[in-house]
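Visitor:
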Amino acid sequence: MSHVSGRHFLQIPGPSPVPDRVLRAMSAQVIDHRGPEFAELGLKALSAVKTIFKTEQHVVIYPASGTGAWEAALANVLQEGDRVLMYETGHFATLWKKMAEKLGVDAEFIGGDWRSGADANQIEQRLRGDAQHQIKAVCVVHNETSTGSVSPIADVRRAMDAAGHPALLMVDTISGLGSIDFRFDEWGVDVAVSGSQKGLMLPPGISFNAVGHKALEMSRTGGMRRSYWDWQDMVDINAKGYFPYTPATNMLYGLVDAVDMMLEEGLDTIFARHQRHAAATRAAVRAWDLEVLCNHQGHESGVLTAVLMPAGQSADHLRAEALKHYNISLGSGLSKVADKVFRIGHLGDINDLTLIGALAGVELALEKAGVAHSKGGVGVAMQHLADNVAPGIAA
Ligand code: PLP
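Numbering (the working numbering), first residue to last: 3 to 397.
Written out as C-alpha cells, the structure reads:
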C-alpha cells in the first residue's frame, strides 16, 4: 500500500480519535499491578471516571468492550426468568435485548421506529399496568448510536416514580457519556454502562458499570451465577486502588489524562460544543436536501447524525467513495437501516475545522457517488458556526 498524505478523518460515532496527549500518557512503561505505585493510579482512575458519570456511588472498570459491561449489568442484578422492560430505540437496544434473552431473561420491548429516543409516557403506562411488579428493570439506551437519537433519562426516572414502580433503571450510555450530559446520581439511575472509545477519547478496551447502592445491595444476594463480572469482588478491592485480576494498566493511564483534559475544557463546555457541532451538521444535511434520521425534535444526538439516503441510493457506496477519495471514514447503517443511512460522528476530540473538513468530505463524496443533492451544505454549516460562537471563546 502506498503512503497516503494527511490525517485520516475518523468520523464514525466511535471509536473516536485519541488525542496525542492521551496516546503519550498510554505509552508509559507497564508497572506492577500489585505494587504501591499502581494503587495510586487505580484510585485516581476510579475517582476520575466518577466525576464524568456525576456520581458519588461506585464505578467499576472492566477490561472489556461495552458489550462485556452490558452483560455485567444484567448478570449482577437479574435472574433467569426475570422480566425486564426495554425500549426499541435502534440496533443497540435490540442487541442488548438479544443478550438479555440469551441469558434467560424475559425481555419485553416497547416498539419504536428507530427515529426517536424512548418515550417516557409509554414506559409509565406499561409500568402502571404491572401491578404485581414483575418487571425487575427498565433498560434504556441513552444515546442510540445506530440512529442518532437521545432518550430523556430524567423523564424516564420521573415516569417510573410517577408509576410508583420499584424496577431498577438501567441505562446504556456507552456513546453518550462525556459527550452529552449524563447525571447518574441526580437522575436516579441505578446502573449505567459505558465504554472508553467514544466521548472519553480513549481507544476501545475498557468499559464501565456505574452502580447505585440499591443495585449493589441487590447484587449481594441476587443476580446470576457469575465470577468475572461480580461487582462486589471489584468494589472490595477497588477501595485500595487494586483490581481482582490484571487490569488494563495503560488504558488507566490514558483515562486519567483524558479526564484531566475534559475537566480542563469543562464538562458544560464539552456538551455545548457537541450540541453546536450537531446543529451545524443538521443544517448541512438540510441544505443538501437530505433527511436526518432522527425526526423527533429535542431527541437529536449531539454525538452523531445519521443521514437517510434518497430512495434507491446506496449509503455504503457513498461511504466507500468518501474513504477512497477523501480518506474519511463515515459510520455505516446497521441492521434494519443497513445501506440506507450513513452516520457522521462529531464526538470527542474535534473542533470547528475538523467538523468542516468532515462535512466537506461528505459533500465531495455525495458528488463523486452521484447522489442527487443540493450543493452548499458546508457553507451553511460554516455560517451556523460563525453565528453561534463557541462557549469559552470570546466573541
Ligand atoms: N451500546 C451502544 C449504544 C454502542 O454504541 C455500542 C458500540 O458502539 C455498544 C453498546 C457495544 O459496545 P462495544 O462495541 O464496545 O462492545
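Quick reminder that beta carbons are idealized off the backbone N, C-alpha and C, glycines included. These figures come from a predicted structure and were not determined experimentally.
Is I14 near the ligand PLP, going by C-beta to nearest heavy atom under 7 Å?
Guide: No, since every heavy atom of the ligand PLP falls outside the 7 Å radius drawn around the Cβ of I14.
Visitor: Which residues in the same chain have their Cβ closer than 7 Å to the Cβ of E39, if we skip the five residues on either side of it in sequence?
Guide: Hits under 7 Å: I33.
Visitor: Excluding sequence positions up to five away, which residues of its chain have a Cβ less than 6 Å from the Cβ of G60?
Guide: The question names Gly, yet the displayed sequence has His at residue 60. For H60, where only same-chain residues beyond five positions count, the Cβ hits under 6 Å are V213, V237.
Visitor: Measuring CA to CA, which of P15, G37, L43 is closest to A27?
Guide: It is L43.
Visitor: On the three-state DSSP scale, how would you describe K52?
Guide: Residue state, collapsed to three classes: helix.
Visitor: Following the continuous alpha helix (DSSP H) through N240, name the residue where it begins and the one where it ends.
Guide: It spans 233-240 - the alpha helix (DSSP H) in which N240 sits, taken as one unbroken run.
Visitor: What is the C-beta distance between G119 and H301, in whole angstroms, given that I count them as a contact (C-beta under 8 Å)?
Guide: About 4 Å separates the two Cβ atoms, so the contact holds.
Visitor: Less than 8 Å separating the beta-carbons of E80 and V62?
Guide: According to the sequence provided, residue 80 is Leu. The question's Glu does not apply to it. Cβ atoms of L80 and V62: not closer than 8 Å.
Visitor: Over what stretch of residues does the alpha helix (DSSP H) that includes I358 continue unbroken?
Guide: Unbroken alpha helix (DSSP H) run through I358: 354-370.
Visitor: May I ask you to report which of helix, strand or coil DSSP gives G333?
Guide: Three-state result, G333: strand.
Visitor: Let me check you understand the geometry: is the CB of I33 closer than 7 Å to at least one non-hydrogen atom of the ligand PLP?
Guide: Not under cutoff, so the answer is no.
Visitor: Whole angstroms are fine: how far does the CA of R275 sit from the CA of V391?
Guide: When rounded, the distance between both Cα atoms is 10 Å.
Visitor: Only counting runs of 4 or more residues, tell me where the alpha helix (DSSP H) segments fall wholly within the region 114-191, in order along the chain.
Guide: Runs of the alpha helix (DSSP H) inside the region 114-191: 122-130, 155-164.
Visitor: Give the single residue among S67, M311, V142 whose Cα lies nearest to the Cα of A194.
Guide: Taking only the C-alpha atoms, the option nearest A194 is V142.
Visitor: Within the same chain, show all residues whose beta-carbon is closer than 7 Å to that of R23, passing over the 5 residues directly before and after it, in chain order.
Guide: So the qualifying residues of the chain are D259, M263.
Visitor: At a cut-off of 7 Å, is T69 close to the ligand PLP when judged by its beta-carbon and the heavy atoms of the ligand?
Guide: T69: yes, Cβ under 7 Å from the ligand PLP.
Visitor: How is D270 classed by DSSP in three states: helix, strand or coil?
Guide: If DSSP states are grouped into helix, strand and coil, D270 belongs with the helices.
Visitor: Helix or strand or just coil, what does DSSP make of R288?
Guide: Note: R288 maps to helix in three-state DSSP.
Visitor: What number of angstroms, rounded off, separates the C-alpha of S331 from the C-alpha of G372?
Guide: Spanning the two alpha carbons is a distance of roughly 18 Å.
Visitor: Would you kindly check if the distance between the Cβ of L306 and the Cβ of G197 is under 8 Å?
Guide: No; because the gap between Cβ atoms is not below 8 Å, this pair is not in contact.
Visitor: Does the ligand PLP have a heavy atom nearer than 7 Å to the CB of P206?
Guide: Checking every heavy atom of the ligand PLP against the Cβ of P206, one is found closer than 7 Å.
Visitor: Out of L368, A169, K200, A374, which has the shortest C-alpha to C-alpha gap to D192?
Guide: Closest option to D192, Cα to Cα, is A169.
Visitor: What I want to know is whether the C-beta of G180 ends up closer than 7 Å to one or more non-hydrogen atoms of the ligand PLP.
Guide: No, the ligand PLP has no heavy atom inside 7 Å of this Cβ.
Visitor: When you compare each of F11, T271, T53, P15 to L257 by their alpha carbons, which one comes out closest?
Guide: Here the closest residue by C-alpha is T53.
Visitor: Starting from the C-beta of T57, find all residues in its chain whose C-beta is less than 7 Å away, skip the five residues before and the five after it, and write them out in chain order.
Guide: Within the same chain, T57 has close Cβ partners F186, D187, A212.
Visitor: Just to confirm my understanding: we take V382, look at its own chain, exclude 5 residues before and 5 after, and list those with CB closer than 7 Å. What are they?
Guide: Result list for V382: A285, A286, A289, in chain order.
Visitor: List the DSSP bridge partners of Q13.
Guide: DSSP, once it has assigned bridges, lists L332 as partnering Q13.
Visitor: Suppose you measure from the CA of V364 to the CA of H5; what does that come to, to the nearest Å?
Guide: C-alpha separation (whole angstroms): 22 Å.
Visitor: Could you tell me the distance, in whole angstroms, from the CA atom of D341 to the CA atom of E146?
Guide: Distance between the alpha carbons of D341 and E146: 18 Å.
Visitor: Heavy atom of the ligand PLP less than 7 Å from the Cβ of T147, yes or no?
Guide: Answer for T147: yes, Cβ within range of the ligand PLP.
Visitor: Going by beta-carbon coordinates alone, are A41 and Y244 separated by less than 8 Å?
Guide: Going by C-beta atoms, A41 is nearer than 8 Å to Y244.
Visitor: In the DSSP assignment, find the unbroken alpha helix (DSSP H) run with G68 in it and report its ends.
Guide: Start and end: 68-79.
Visitor: Helix, strand or coil for A109, going by three-state DSSP, please let me know.
Guide: Reduced to three states, the DSSP call for A109 is strand.
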